[in-house]
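Mind the numbering: the sequence shown is residues 48 to 267 in the numbering used here, read in order.
Every residue, glycine too, gets a C-beta built ideally from N, C-alpha and C.
If you're wondering where the values come from, they're calculated on a predicted model, not measured in any experiment.
Each remark here refers to the structure printed beneath this line.
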Amino acid sequence: LQTNGGRDLTLWQQFLAFADAFPRGTFFRDNSLHSLVYNTLGHVRWLFGDGFAVNEVYVSRVVLIVMGFLGLLYLWRFVQREQLAMITPDRSTGSPLLRIGLQRGNRSTARNAVMGHVMDALALALIASPVVWEHHYLLAMPIVIWGVAQSRNERQLWRIALSAFLIFVLPTFDVYPFSYHRLAGLLLLMATLEPMQLAQSTFDVSRLRLNYHETGQSVL
């Protein structure tokens, strides 16, 4: 109604103008990627003197490059989960033979793939946000719960526990670079929940024989 049936784009123009002018954090306790890059460049200036000036343009470029890399990593993890979701164990022989079909292997692997995509998106949103205070990291709680449910060995559980401690338990303080413990915990958590790591904890992926329904070919 406020856009007059889509004919008045003033609100959208104001939204885009505000999105570009959204305040970006510079405090140590702000565990955003922007704050980390800004303060890291600030310490580089402290080392090299006033000849190195912290420019918001440089900060934005570094953040954009890092986010581009993380976006590609998200897509890679997305593809890995989709591939693993199409794998179904051959229960007739009891061997590590897997069959890959055109459809996902079973409902549980399909649900795990979708949940993995959602958890990665939550983590990426926390990293990409220009300002992330401690209460925003409550969004990481579903990731920790899902990670515990997906863990298959004691090592993974300990890493998830350490991540949870860094994110939720350790109090806020202002000491660079240790103030970014929540961001570090989130990155450790996502590294622990890497799709192939979770798969290898269940079966040895490197030694599986793959059988394609369509061609009948086997791949060692």
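Item                                                                                                                                             : Value
Out of curiosity, what's the CA-to-CA distance linking A64 and H81?                                                                              : 19 Å
Judging by CA-CA distance, which residue of L240, L131, G118 and V84 is the nearest neighbour of I192?                                           : L240
Quick check on the burial criterion: 16 or more other C-beta atoms within 10 angstroms. Buried or exposed for G115?                              : exposed
Assuming I214 and L233 are in contact, meaning their beta carbons sit under 8 Å apart, how far apart are those beta carbons, in whole angstroms? : 6 Å
For P242 and L131, which I take to be in contact (beta-carbon distance under 8 Å), what is that distance rounded to the nearest angstrom?        : 6 Å
CB V178 to CB S79, shorter than 7 Å?                                                                                                             : yes
Just mark D55 as buried or exposed, buried being the case when its beta carbon has 16 or more other beta carbons within 10 Å.                    : exposed
Measuring straight from C-alpha to C-alpha, what distance separates G152 and Q127?                                                               : Residue confidence for G152 is low, a pLDDT of 49 falling below 50, so the modelled location carries little weight; the figure read from the coordinates is stated next. C-alpha separation (whole angstroms): 14 Å.
For my contact list, L171 and S210 are in at a C-beta cut-off of 8 Å; report their separation, rounded to the angstrom.                          : Rounded, the Cβ-Cβ distance is 16 Å, inconsistent with contact.
In whole angstroms, give me the CA-to-CA distance for A168 and R92.                                                                              : 34 Å
Over what stretch of residues does the alpha helix (DSSP H) that includes M114 continue unbroken?                                                : E103 to A132
The alpha helix (DSSP H) spanning R229 covers which residue range?                                                                               : H228 to T239
Buried or exposed for R108, going by 16 or more other Cβ atoms inside 10 Å?                                                                      : exposed
Which residues in the same chain have their Cβ closer than 6 Å to the Cβ of I174, if we skip the five residues on either side of it in sequence? : L80
Give me the residue from F62, L245 and G118 with the minimum Cα distance to T156.                                                                : L245
Between the C-alpha atoms of L39 and V161, what's the straight-line distance to the nearest angstrom?                                            : Lying before the first or after the last residue shown, residue 39 is absent from the chain, which here runs from 48 to 267.
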